[in-house]
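Numbering (the numbering used here), first residue to last: 731 to 793.
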């Protein structure tokens, strides 16, 4: 895992097409802005876990 320190306004680049900008820091909360192509799905971890559970249930119902 790569761990980086950034201040508000600075960017992190992932490849040539994804950028993450630190928008705000308020105590223990950090707000990010993410720029990525529409073909790249971006989700919070808890939302992505819900999507994976739903896919697993759909797959079981098809079998």
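Note that beta-carbon positions come from the ideal geometry of N, C-alpha and C, so glycine has one too.
Residue i to residue j span [Cα, whole Å]
i: residue 792; j: residue 757; result: 46 Å
i: residue 739; j: residue 748; result: 16 Å
i: residue 786; j: residue 773; result: 18 Å
i: residue 753; j: residue 761; result: 5 Å
i: residue 782; j: residue 767; result: 21 Å
Where residue i falls: helix, strand or coil (DSSP)
i: residue 753; result: strand
Extent of the continuous beta strand (DSSP E) run through residue i
i: residue 743; result: 741 to 744
Host alpha helix (DSSP H) of residue i (start-end)
i: residue 775; result: 775 to 792
Paired residues, beta bridge with residue i - DSSP
i: residue 759; result: 756
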